[in-house]
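Below is one structure, written out as structure tokens, with a few remarks after it.
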Amino acid sequence: MDVRGISRDLAFNASGHTMHSLFWPNMKQGGGGTPGGRIADQINKDFGKFDSFKEQFGNTAKQVEGSGWGILAYEPASDQLITLQAEKHMDLAVQGMTPLLAVDVWEHAYYLDYVNDRAKYVDAWWNVVNWDDVAARFDKVRK
Numbered sequence: 390m391d392v393r394g395i396s397r398d399l400a401f402n403a404s405g406h407t408m409h410s411l412f413w414p415n416m417k418q419g420g421g422g423t424p425g426g427r428i429a430d431q432i433n434k435d436f437g438k439f440d441s442f443k444e445q446f447g448n449t450a451k452q453v454e455g456s457g458w459g460i461l462a463y464e465p466a467s468d469q470l471i472t473l474q475a476e477k478h479m480d481l482a483v484q485g486m487t488p489l490l491a492v493d494v495w496e497h498a499y500y501l502d503y504v505n506d507r508a509k510y511v512d513a514w515w516n517v518v519n520w521d522d523v524a525a526r527f528d529k530v531r532k
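390 is the number of the first residue of the sequence shown in the numbering used here; add one for each residue after it.
Right, dumping it as structure tokens:
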């Protein structure tokens, strides 16, 4: 039995499902803007201001090597929001964090509209972010 191969396939497929299950509700028609409530307070605490967060998150997503994800996650031990990358679906994953917001930077997510201009896609993606979904996820993990 190829345990390593099975484990790798399981991690890839389960993580892909998890990330897409986060990605789709994280967007809505008429979304965008800035968050409110506790998630806005936490963003300001951890990044200084929303624009600083937006720049850091955008750069995180734009600089994923190859295919993957830009992620905003909550890290409970330090009570902080952290931006991170996931290559493929699972490489560079950090244990113990809860993803709250994700942008898919696999080529299939943007190629038809943006060809290979990932940066333009990520910049446009902000216009559909569903901050209500992100806030609900944050409130659930930070009781």
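All residues carry an ideal CB built from backbone N, CA and C; glycine is no exception.
Note to self: I need the DSSP call for ASP506, collapsed to helix, strand or coil.
What the structure shows: coil
Next item on the list: With GLY426 as the anchor, note down where its alpha helix (DSSP H) starts and where it stops.
Entry: 426 to 436
Next item on the list: Ignore the nearest five residues each way along the sequence and tell me which others in LYS509's own chain have a CB closer than 6 Å to its CB.
Entry: TYR503
Check: In chain order, which continuous runs of the alpha helix (DSSP H) of length 4 or greater are located wholly inside the region 464 to 531?
Finding: DSSP runs (the alpha helix (DSSP H)) wholly in the region 464 to 531: 496 to 503, 507 to 514 and 520 to 530.
Note to self: So, at 7 Å on beta carbons, what are the nonlocal neighbours of VAL492 in its own chain, with the 5 sequence-adjacent residues on each side left out?
What the structure shows: ALA450, TRP458, GLY459, VAL511 and TRP514
Next item on the list: Could you tell me which residues DSSP puts in a beta bridge with GLY459?
Entry: Answer by DSSP bridge pairing, in chain order: GLN474 and VAL492.
Checklist line | Short CB-CB distance (under 8 Å) between SER467 and chain D | finding: No chain D appears in this structure, which consists of one protein chain only.
Next item on the list: Answer yes or no: do PHE527 and MET479 have a C-beta to C-beta separation smaller than 8 Å?
Entry: Going by C-beta atoms, PHE527 is not nearer than 8 Å to MET479.
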